[in-house]
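Under UniProt numbering, read the sequence shown as residues 149 to 519, first letter to last.
Positions of the beta carbon are idealized from the N, C-alpha and C atoms, including for glycine.
Quantities reported herein were computed from a predicted structural model and do not represent experimental measurements.
For reference, the structure discussed in these notes is given below.
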Amino acid sequence: GACSKPASMATVSQFACQRRTTTENSNKKITDAFEVLAENYEFNEMDGSCLAFRRAASVLKSLPMAVRSLRETQDLPCLGEHTKAVMEEVLRCGRSFEVEKLLSDERYQTFKLFTSVFGVGPKTADKWYRGGLRSFSEVLADRSIHLNQMQQIGFLHYGDISGVVSKAEARSLRNIIDEAARATTPAAKVALTGGFCREKEFGHDVDFIVTTPELGGEETLLPKIIDELKKQGMLLYCDYHPSTFDINKLPSPKFEAMDHYAKCFLILRLEGSRVEGGLHIAEGDNRGWRAVRVDLVSPPVDRYAFALLGWSGSRQFERDLRRFARAKRGMLLDNHALYDKNKNEFLAASTEKDIFAHLGLEYIEPWQRNA
Ligand code: ATP
Ligand code: MN
Ligand code: MN
149 GACSKPASMA TVSQFACQRR TTTENSNKKI TDAFEVLAEN YEFNEMDGSC LAFRRAASVL
209 KSLPMAVRSL RETQDLPCLG EHTKAVMEEV LRCGRSFEVE KLLSDERYQT FKLFTSVFGV
269 GPKTADKWYR GGLRSFSEVL ADRSIHLNQM QQIGFLHYGD ISGVVSKAEA RSLRNIIDEA
329 ARATTPAAKV ALTGGFCREK EFGHDVDFIV TTPELGGEET LLPKIIDELK KQGMLLYCDY
389 HPSTFDINKL PSPKFEAMDH YAKCFLILRL EGSRVEGGLH IAEGDNRGWR AVRVDLVSPP
449 VDRYAFALLG WSGSRQFERD LRRFARAKRG MLLDNHALYD KNKNEFLAAS TEKDIFAHLG
509 LEYIEPWQRN A
């Protein structure tokens, strides 16, 4: 009966923004299996199935203890027949045969390999795979393939940027970005966002939000920071996107996941750091530095809270914030604004807490957003 079930499992919300999810995951075996399947659905552009497995994984990550039997999960949201079958197998045998089959599947392996290169997404991977290519050396030897600049850089620094970034490296980068920002704009504010603000141990990059206390000051901020990094000899790659944000165009026809703030996707040379066990294709091995991926975004200061909430992640948490706003509150949320469709007005916010309050949600700390 109900009394044998842990109380915490009986009341789990279907929305990640109503759950607290730390980096501690008691159900890693199951969620790892789900994530392999989700990734494969993504490779095959089966968005519905991909989302189903991502949602299911996210629910299990929020549980304070390991699931021991299928019965314990009967009241949990977002678990369908397929996810339950996989979970059952993992609980019973310690592994899922469907996942094992995928892990040794040539197509899955090749997509995984190709998409691990900076600048290569599922579409490019698919093109190369259909062209009969299976390895980096085959891609690099194929004269009919034109690599764009991002992909060239991706191969050049593959060993470094396919490795993880540590917390210590994120801290050094924070100081570097801080100094570069303040050298050019003394009042600039730098905030760590993304995975490292959620207290993850490792990341694939380091994300920062930079802004200025007075409105408009952010317009020249990113180019100045980029110049400063270049002057210091740290800039290995810079993909800069100027702002396309226009406050007068809100509410935008569709509230979207991508935002319009000025941003740049960088690869920086970080001195005094090395990738452990990295595989180096094109670089010498006796170096006292490594390449790291860094993202900078610079919203106007009056949009700061929305940008911060939107970039803190996780992706699943962000998705569910938007879904919750729309489905439960009749509101539209994106990285720029929160719009109340009932009152036909924008709701102002200067902190993340303001946004949670407008949505009638309990505040979830960044380290509890690892959905
Ligand atoms: P990881 O350790 O893998 O970097 P992460 O959570 O930091 O984990 P990122 O891909 O760096 O993942 O993304 C951080 C946040 O920034 C996410 O919430 C994502 O929604 C947001 N984000 C990333 N790229 C963009 C973009 N181009 N426009 C808007 N938001 C973005
Ligand atoms: Mn990140
Ligand atoms: Mn990022």
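Who does PHE350 pair with in a DSSP beta bridge? On the sequence shown, position 202 is the one that residue 350 refers to. Paired residue(s): SER314.
Closest Cα partner of TRP459 within the set ALA318, ASP387, THR258, CYS345: Residue 459 sits at position 311 when you count from the first residue of the sequence shown. The residue from ALA318, ASP387, THR258, CYS345 with its alpha-carbon nearest to that of TRP459 is CYS345.
In this structure, how does DSSP classify MET406 when only helix, strand and coil are distinguished? Stepping through the sequence shown from its first residue, residue 406 is reached at position 258. Correct three-state label for MET406: coil.
Between the C-alpha atoms of PHE350 and THR171, what's the straight-line distance to the nearest angstrom? Residue 350 sits at position 202 when you count from the first residue of the sequence shown. Residue 171 sits at position 23 when you count from the first residue of the sequence shown. Straight-line Cα distance between these residues: approximately 11 Å.
Three-state secondary structure (DSSP) of ALA339: Residue numbering aside, residue 339 sits at position 191 when the sequence shown is read from its first letter. DSSP places ALA339 in the strand class (E or B) of the three-state scheme.
Provide the residue span of the beta strand (DSSP E) that contains TRP437, from first to last. Sequence index remark: in the sequence shown, residue 437 carries index 289 (1-based). First-last of the beta strand (DSSP E) with TRP437: 437 to 446.
Please return the same chain residues whose Cβ sits closer than 7 Å to the Cβ of CYS198, not counting the five positions on each side in sequence. In the sequence shown, counting from the first residue as 1, residue 198 sits at position 50. Within the same chain, and ignoring the five residues on either side of CYS198 in sequence, the residues whose Cβ sits closer than 7 Å to its Cβ are ALA186, TYR189, GLU190.
First through last residue of the beta strand (DSSP E) which encompasses LEU486: Position 338 of the sequence shown, counting from 1, holds the residue named residue 486. For LEU486, the enclosing beta strand (DSSP E) covers residues 486 to 488.
Assigned exposure category for GLY307 - 16 Cβ within 10 Å defines buried: For the purposes of this step, residue 307 is taken as residue 159 along the sequence shown, with counting starting at 1. Buried: at least 16 other Cβ atoms inside 10 Å.
Would you mind stating whether ASP223 and ASP355 have Cβ atoms separated by less than 7 Å? Translated into positions along the sequence shown, residue 223 becomes position 75. Translated into positions along the sequence shown, residue 355 becomes position 207. In this structure, the beta-carbon distance from ASP223 to ASP355 does not fall below 7 Å.
To which residues does DSSP link GLU419 through a beta bridge? Stepping through the sequence shown from its first residue, residue 419 is reached at position 271. Among the bridge pairs identified by DSSP, GLU419 is matched with TRP437.
Regarding LYS493 and ligand 1, is the C-beta to nearest heavy atom distance less than 6 Å? Numbered from 1 along the sequence shown, position 345 holds the residue referred to as residue 493. For clarity, residue 493 is Glu in the given sequence; the question names Lys instead. Checking the 6 Å criterion, the Cβ of GLU493 is out of range of every heavy atom belonging to ligand 1.
Test item: CB-CB of VAL207 and CYS226 under 7 Å: Counting from 1 along the sequence shown, the entry for residue 207 is found at position 59. Counting from 1 along the sequence shown, the entry for residue 226 is found at position 78. In contact: VAL207 and CYS226 (Cβ atoms closer than 7 Å).
Judging by CA-CA distance, which residue of ASN175, ARG278, ALA289 is the nearest neighbour of LEU211? Here residue 211 refers to the residue found at position 63 of the sequence shown. Of the residues ASN175, ARG278, ALA289, the one whose Cα lies closest to the Cα of LEU211 is ASN175.
Is the beta carbon of ILE309 closer than 7 Å to that of PHE259? Here the question's residue 259 lines up with position 111 in the sequence shown. Here the question's residue 309 lines up with position 161 in the sequence shown. The answer is no: Cβ separation not under 7 Å.
Kindly list the residues whose CB is nearer than 8 Å to the CB of ILE301, restricted to its own chain and excluding five residues on each side of it in sequence; keep chain order. Position 153 of the sequence shown, counting from 1, holds the residue named residue 301. Only PHE266, GLY267, LEU384, TYR385, ILE415 meet the Cβ criterion.
Spatial neighbours of LEU281 within its chain, please: C-beta separation below 7 Å, excluding the five flanking residues on both sides. Position 133 of the sequence shown, counted from the start, is the residue given in the question as residue 281. Cβ neighbours of LEU281 within its own chain (closer than 7 Å, five residues either side excluded): VAL287, ASP290.
Near ligand 3, which residues have their beta-carbon less than 6 Å from any of its heavy atoms, given in chain order? For ligand 3, residues qualifying as neighbours are GLY342, ASP353, ASP355, ASP443, where qualification means a beta carbon closer than 6 Å to at least one of its heavy atoms (chain order).
For GLY458, verify whether its CB is less than 6 Å away from any heavy atom of ligand 2. Within the sequence shown, the letter at position 310 stands for residue 458. No heavy atom of ligand 2 is found nearer than 6 Å to the CB of GLY458.
Would you call ASN483 buried or exposed, if buried means 16 or more other Cβ atoms sit within 10 Å of its Cβ? Counting from one through the sequence shown, the residue named residue 483 turns up at place 335. With 16 or more other Cβ atoms within 10 Å, it is buried.
In chain order, what are the residue ranges of uninterrupted beta strand (DSSP E) at least 3 long that sit wholly in the segment 358 to 396? Counting whole runs of 3 or more residues, the segment 358 to 396 contains the beta strand (DSSP E) stretches 383 to 389.
When the Cα atoms are used, what is the spatial distance from CYS412 to LEU507? Here residue 412 corresponds to residue number 264 of the sequence shown, with the count starting at 1. Here residue 507 corresponds to residue number 359 of the sequence shown, with the count starting at 1. CYS412 and LEU507: Cα-Cα distance of roughly 30 Å.
Kindly indicate which residue of LYS249, PRO361, PHE201, VAL247 has the alpha-carbon position closest to the one of GLY228. For the purposes of this step, residue 228 is taken as the residue at position 80 of the sequence shown. Among LYS249, PRO361, PHE201, VAL247, the Cα nearest to that of GLY228 is on PHE201.
Let me know the beta strand (DSSP E) ranges lying completely inside the segment 151 to 237, each 3 residues or longer, listed in chain order. You should have found no qualifying run.
Any heavy atom of ligand 1 within a distance shorter than 6 Å of the CB on residue 532? One cannot answer for residue 532 here, as it falls past the ends of the chain, which runs 149 to 519.
For GLY242, is the beta carbon positioned less than 6 Å from some heavy atom of ligand 2? Taking the first residue of the sequence shown as 1, we reach residue 242 at position 94. Short note on GLY242: C-beta not closer than 6 Å to any heavy atom of ligand 2.
Give the single residue among TYR409, LEU377, LYS378, LEU398 whose Cα lies nearest to the Cα of SER391. Taking the first residue of the sequence shown as position 1, residue 391 is located at position 243. If we check each option's Cα against that of SER391, TYR409 comes out closest.
Rounded straight-line distance, which links the Cα of ASP387 to that of GLU317: As a first step, residue 317 is located in the sequence shown; it is residue number 169 there, counting from the start. As a first step, residue 387 is located in the sequence shown; it is residue number 239 there, counting from the start. C-alpha of GLU317 to C-alpha of ASP387: approximately 21 Å in a straight line.
Determine the DSSP secondary structure at ARG291, reduced to helix, strand or coil. Sequence index remark: in the sequence shown, residue 291 carries index 143 (1-based). The answer is coil: DSSP assigns ARG291 none of H, G, I, E or B.
Does any heavy atom of ligand 1 sit closer than 6 Å to the C-beta of MET406? For the purposes of this step, residue 406 is identified with residue 258 of the sequence shown, where counting begins at 1. In this structure, MET406 has its beta carbon less than 6 Å from a heavy atom of ligand 1.
Would you identify the three-state DSSP class for PHE356, choosing helix, strand or coil? Residue 356 sits at position 208 when you count from the first residue of the sequence shown. Strand at PHE356.
GLU493 bridges to which residues according to DSSP? In the sequence shown, counting from the first residue as 1, residue 493 sits at position 345. In DSSP, GLU493 forms a bridge with ASP488.
Just list the residues that DSSP pairs LYS298 with in beta bridges. Counting from 1 along the sequence shown, the entry for residue 298 is found at position 150. The amino acid at residue 298 is misidentified as Lys; the sequence shows Met. In DSSP, MET298 forms no bridge with anything.
Please report the distance separating the alpha-carbon of SER161 from that of ASN173. Counting from 1 along the sequence shown, the entry for residue 161 is found at position 13. Counting from 1 along the sequence shown, the entry for residue 173 is found at position 25. If you draw a straight line from the Cα of SER161 to the Cα of ASN173, it comes to about 17 Å.
Can we count ASP228 as close to ligand 2, meaning its CB is less than 6 Å from some heavy atom? Your numbering for residue 228 matches position 80 in the sequence shown. For clarity, residue 228 is Gly in the given sequence; the question names Asp instead. Not under cutoff, so the answer is no.
Would you kindly report the start and end of the unbroken beta strand (DSSP E) that includes LEU480? Indexing the sequence shown from 1 puts residue 480 at position 332. Taken as a continuous stretch (DSSP letters only), the beta strand (DSSP E) holding LEU480 covers 479 to 481.
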